[in-house]
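Residue numbers (the numbering used here): 7 to 220. Think of the CB as a built atom: it goes at the ideal place given N, C-alpha and C, for glycine as much as any other residue.
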């Protein structure tokens, strides 16, 4: 069963300094329990060598990425892991069903599922860290297509290289959206020397007007 960060779910609901009332808390717990019983998380990851052909350009596997943000994240790295994780189609079905009969529940499912996929990604990330450490390598924070100036079109490359449709049932639409929706792809840099991985998520995002910013 996947745990979820209740505080993250509440943040996704749009609460900041305020806290949900008792009724919302009860419904949040109910929706979380239903999601935990329904989801079937799956993941896949694979390592590739990394080169830096020129400034702000990165090459791994058979793709080339032009991204100042990603280049900064992967500075000093010699290899990368590509990872993909999904909660499966059950989360999407719960959200869709609730959207048709009780929109308040759909909002709660969305928030809990968003927190849940992040927790699951953290678990997958830890497995990657352990594998890297066994080879004397150190991980950088994960970074996803569509984040900063990392083109979201690379979702298709990640899916192809990881064979996600066959391995975990994850596909990418023509508009580069992931299906199931509660899914994540990311790149994790590997370096020969350790470096504190203290910045991620909102802390490195330049969209300061986001309603969900921490």
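Would you tell me roughly how many angstroms separate the C-alpha atoms of residue 46 and residue 107, rounded to the nearest one?
-> Your numbering for residue 46 matches position 40 in the chain shown. Your numbering for residue 107 matches position 101 in the chain shown. The alpha-carbon atoms of residue 46 and residue 107 are separated by roughly 24 Å.
Name the two residues that bound the continuous beta strand (DSSP E) containing residue 54.
-> The count along the chain shown starts at 1 and reaches residue 54 at position 48. Start and end: 48-60.
Can you tell me the Cβ-Cβ gap for residue 195 and residue 79, rounded? I've got them flagged as a contact below 8 Å.
-> In the chain shown, counting from the first residue as 1, residue 195 sits at position 189. In the chain shown, counting from the first residue as 1, residue 79 sits at position 73. At roughly 6 Å, the Cβ-Cβ gap stays under 8 Å, so residue 195 and residue 79 are in contact.
Among residues of its own chain, excluding the 5 on either side of residue 7, which ones have a beta-carbon nearer than 6 Å to its beta-carbon?
-> As a working note, residue 7 is residue 1 in the chain shown. 42.
Segment limits, beta strand (DSSP E) that includes residue 168 = As a working mapping, residue 168 is identified with position 162 in the chain shown. That residue, residue 168, is in no beta strand (DSSP E); its alpha helix (DSSP H) goes 161-168.
Where do the N-terminal and C-terminal ends of the beta strand (DSSP E) with residue 125 fall, by residue?
-> Along the chain shown, one-based indexing puts residue 125 at 119. No beta strand (DSSP E) contains residue 125, which is instead part of the alpha helix (DSSP H) from 109-140.
Quick one: is residue 170 buried, meaning 16 or more other Cβ sit within 10 Å of its Cβ, or exposed?
-> As a working mapping, residue 170 is identified with position 164 in the chain shown. Looking at its Cβ environment, which holds 16 or more other Cβ atoms inside 10 Å, residue 170 is buried.
Determine the burial state of residue 9: buried for a count of at least 16 other Cβ atoms within 10 Å of its Cβ, exposed for fewer.
-> Here residue 9 refers to the residue found at position 3 of the chain shown. Residue 9 is exposed by the Cβ-count criterion.
CA nearest to the CA of residue 51, picked from 65, 64, 40, 136 | Translated into positions along the chain shown, residue 51 becomes position 45. The residue with the shortest Cα to Cα distance from residue 51 is 136.
Please name the residue, chosen from 103, 25, 184, 74, that lies closest to residue 166 on a Cα-to-Cα basis.
-> Taking the chain shown and counting its residues from 1, the one referred to as residue 166 is at position 160. Cα-wise, what sits closest to residue 166 is 184.
Could you check what DSSP says for residue 181 in three-state terms: helix, strand or coil?
-> By one-based count along the chain shown, residue 181 stands at place 175. Residue 181 falls in the coil class under three-state DSSP.
For residue 191, count neighbouring Cβ atoms within 10 angstroms of its own Cβ and tell me buried if that reaches 16, exposed if not.
-> Along the chain shown, one-based indexing puts residue 191 at 185. So residue 191 ends up on the buried side.
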